[in-house]
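Q: Before we start, here is the structure in question, set down as structure tokens.
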Amino acid sequence: MNRATHVPPTPAPQAGAALTEADLRQRAAEVLDANWERDHTVPSRALYPHQWSWDAAFIAVGLAHHAPERAWWDLRSLFAAQWADGRVPHIVFDPNVSERDYFPGPAFWDAPPVPGRLAGLTTGIVQPPVHAVAAWEVYRRATDRPAARAELTWLYPRLVRQQEYLFGARDVGGAGLASIVHPWESGLDNSPAWDRALAAVPADLSLLRRHRRQDTNVADSSHRPTDTDYARYIALAAAYRDSGYADAGLAQRHLFLVECPAFNAILGAAEHALADIAEVVGADPAPHRDRAEHITKALLDRLLDPATGMFHARDVRTGELTPARCVSGLLPLILPGLPEDRVAALLAEAGSGRFGYAGPPVPSYDRTAPDFDRLRYWRGPVWINVNWLLWRGLRTHGHAAAAGTLRTAMLDVIRRGGCYEYFDPIDGAGIGAAAFSWTAALALDLLAAD
8 MNRATHVPPT PAPQAGAALT EADLRQRAAE VLDANWERDH TVPSRALYPH QWSWDAAFIA
68 VGLAHHAPER AWWDLRSLFA AQWADGRVPH IVFDPNVSER DYFPGPAFWD APPVPGRLAG
128 LTTGIVQPPV HAVAAWEVYR RATDRPAARA ELTWLYPRLV RQQEYLFGAR DVGGAGLASI
188 VHPWESGLDN SPAWDRALAA VPADLSLLRR HRRQDTNVAD SSHRPTDTDY ARYIALAAAY
248 RDSGYADAGL AQRHLFLVEC PAFNAILGAA EHALADIAEV VGADPAPHRD RAEHITKALL
308 DRLLDPATGM FHARDVRTGE LTPARCVSGL LPLILPGLPE DRVAALLAEA GSGRFGYAGP
368 PVPSYDRTAP DFDRLRYWRG PVWINVNWLL WRGLRTHGHA AAAGTLRTAM LDVIRRGGCY
428 EYFDPIDGAG IGAAAFSWTA ALALDLLAAD
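Going by the working numbering, the first residue of the sequence shown is number 8, and it counts up by one from there.
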């Protein structure tokens, strides 16, 4: 791997030694500089040595404040790997990283080559399409508007193709919502929201003898998905791969099909951003606004549980909503067209004892649930990216005081814990990968907020 631009990040602060805002700004910039790799930013040098799709979007938002040209590079390098059908793969593999250093790597995925750029060096699944939101944020911050407009002009048709793929091939339920075919597609990989649907997938532990996990070699296994869940992940990925990544007939043959409220809320938010981008590049914004309205209605019709006031994931195969109260069920707050009573209900839930955004920020799972786990991946810990989305939602709906409280909670946990991948929802300690790019990037955006 080319390390020419690699600058070792400053060590994380000791517990209780909070950074000043100026120190945090410098620390965050150092993390992004250290994780820059030729034409993209890696999430983490040790655990995630490739380019991840939605990470690239969040990272671009922060780079807009620090190195705007790199923000555009991150988005360009990702979309250069877009498939012919419009899907944007959830990982673009670095050919200079050994197959032994990350699993599942390109040999496992066996993806078709992308013309003109890569020889099968991607996965075949996707992640939440937050890229249009990121592109608009980078443009808004740009000082050289003509150059930024040129970047938007290049990205716009590719962003549209991404949306069309998700609205078309992935509308398995036929109600206007995209289905995910793997928990990894949600970005909230190990969430309890998937437990019921995932239980239908046989857990063949012999897969882990044939395919050795790498994540538990560099991270505490008690923080990571269990072997049982990981065996199911591998089985699902292999089944989708062996179908040639075909989306036709998914309802008849694929064992995991879920409509995720967070994924679809982001899909709707992307249409709002595309409407703004369309006006800059000379396209018609009306179809994007229509789609955003349609997806907001579909979320309300399909995924809202009036008994909880939250949105819940729907198993397309059974038609059932998961009973789990997860942070994904709060994220439709990012949609500006959400009715006021729904906004009020989500705000009440976000501020309740189950989630409580005053500090530490909102956890990934209901604090009062019997299986809440403060350390295990997406089953309790705090993640800055979803809190950042909630913060945007609060601002969108005019809840300035609540947004300010959440912003303070996020910055406090980063100042005390460092730019970690995620945080303990009880004491705010940093967990997972240190020097994590999206935490650093979004810290810069929060610090710059007006």
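Quick reminder that beta carbons are idealized off the backbone N, C-alpha and C, glycines included.
(1) With DSSP run on the structure shown, which of helix, strand or coil describes TYR427?
(2) Roughly how many whole angstroms lie between the Cα atoms of THR160 and HIS319?
(3) With distances taken Cα to Cα, identify the nearest neighbour of TYR240 among TYR252, LEU166 and PRO209.
(4) Quick one: residues in its chain with C-beta nearer than 7 angstroms to the C-beta of TRP461, no 5 flanking neighbours on either side, listed in chain order?
(5) So what's GLU356 in DSSP terms, helix, strand or just coil?
(6) With DSSP as the reference, please indicate the residues paired to TRP59 in a beta bridge.
(7) Give the single residue among VAL137, ARG386, ALA114 and SER51 whose Cα lies nearest to the Cα of ALA441.
(8) Within the continuous alpha helix (DSSP H) that includes TYR364, where are the two ends?
(9) On the CB-based measure, 16 or more other CB atoms within 10 Å of its CB, does GLU76 come out buried or exposed?
(10) Starting from TRP398 and walking both ways along the alpha helix (DSSP H), at which residues does that stretch end?
(11) Measure the CB-CB distance between ALA141 and LEU82 and report whether it falls below 8 angstroms.
(12) Provide the residue span of the alpha helix (DSSP H) that contains TYR146, from first to last.
(13) Hey, could you find the ends of the alpha helix (DSSP H) ILE433 is sitting in?
(14) Per DSSP, which residues does THR48 bridge with? Please list them.
(15) Please report how far the alpha carbon of THR223 lies from the alpha carbon of GLU300, in whole angstroms.
(16) Assign TYR384 to one of three DSSP states: helix, strand, or coil.
(17) Who does TYR372 pair with in a DSSP beta bridge?
(18) Considering only residues of the same chain and omitting the five flanking positions on each side of SER198, which have a CB-CB separation below 6 angstroms?
(19) Give me the residue from ALA290, TRP61 and ALA200 with the minimum Cα distance to ALA448.
(20) If you scan the segment 244-319 from start to end, which runs of the beta strand (DSSP E) of 3 or more residues do you find wholly inside it?
A: Taking the definition as stated:
(1) Counted from its first residue, the sequence shown places residue 427 at position 420. TYR427: coil per DSSP, three-state reduction.
(2) Within the sequence shown, residue 160 is the residue found at index 153, counting from 1. Within the sequence shown, residue 319 is the residue found at index 312, counting from 1. In a straight line, the C-alpha of THR160 is about 36 angstroms away from that of HIS319.
(3) Here residue 240 corresponds to residue number 233 of the sequence shown, with the count starting at 1. It is PRO209.
(4) Outside the displayed span of the chain (8 to 457) sits residue 461, for which this structure offers no information.
(5) Looking up residue 356 in the sequence shown gives position 349. Three-state DSSP puts GLU356 in a helix.
(6) Here residue 59 is taken as the residue at index 52 of the sequence shown, counted from 1. DSSP lists ILE98 as partners of TRP59.
(7) Counting from one through the sequence shown, the residue named residue 441 turns up at place 434. Nearest to ALA441 by C-alpha distance, out of VAL137, ARG386, ALA114 and SER51, is SER51.
(8) By one-based count along the sequence shown, residue 364 stands at place 357. No alpha helix (DSSP H) holds TYR364; DSSP gives it neither H nor E.
(9) Taking the sequence shown and counting its residues from 1, one reaches residue 76 at position 69. Exposed, because fewer than 16 other Cβ atoms sit within 10 Å of the Cβ of GLU76.
(10) One-based indexing of the sequence shown puts residue 398 at position 391. TRP398 -> alpha helix (DSSP H) spans 391-403.
(11) Translated into positions along the sequence shown, residue 141 becomes position 134. Translated into positions along the sequence shown, residue 82 becomes position 75. Closer than 8 angstroms, so yes.
(12) Along the sequence shown, read from residue 1 onward, the residue named residue 146 stands at position 139. Counting along the chain, the alpha helix (DSSP H) containing TYR146 begins and ends at 138-148.
(13) As a working mapping, residue 433 is identified with position 426 in the sequence shown. Careful: ILE433 lies outside any alpha helix (DSSP H) and carries neither H nor E.
(14) Within the sequence shown, numbered from 1, the residue matching residue 48 stands at position 41. Beta-bridge pairing links THR48 to TRP43.
(15) As a first step, residue 223 must be located in the sequence shown, where it is residue number 216. As a first step, residue 300 must be located in the sequence shown, where it is residue number 293. Summary for THR223: the model assigns pLDDT 47, below 50, so the residue's position carries little reliability; its value from the coordinates is reported in the next sentence. Cα-Cα distance, rounded: 42 angstroms.
(16) For the purposes of this step, residue 384 is taken as residue 377 along the sequence shown, with counting starting at 1. Note: TYR384 maps to coil in three-state DSSP.
(17) The residue given as residue 372 occupies position 365 in the sequence shown. Per DSSP, CYS333.
(18) Counted from its first residue, the sequence shown places residue 198 at position 191. In chain order, CYS333 and TRP385 place their CB closer than 6 angstroms to the CB of SER198, counting only its own chain and leaving out the 5 sequence neighbours on each side.
(19) Mapped onto the sequence shown, residue 448 falls at position 441. Out of ALA290, TRP61 and ALA200, TRP61 has the C-alpha closest to the C-alpha of ALA448.
(20) The qualifying runs do not exist here; there are none.
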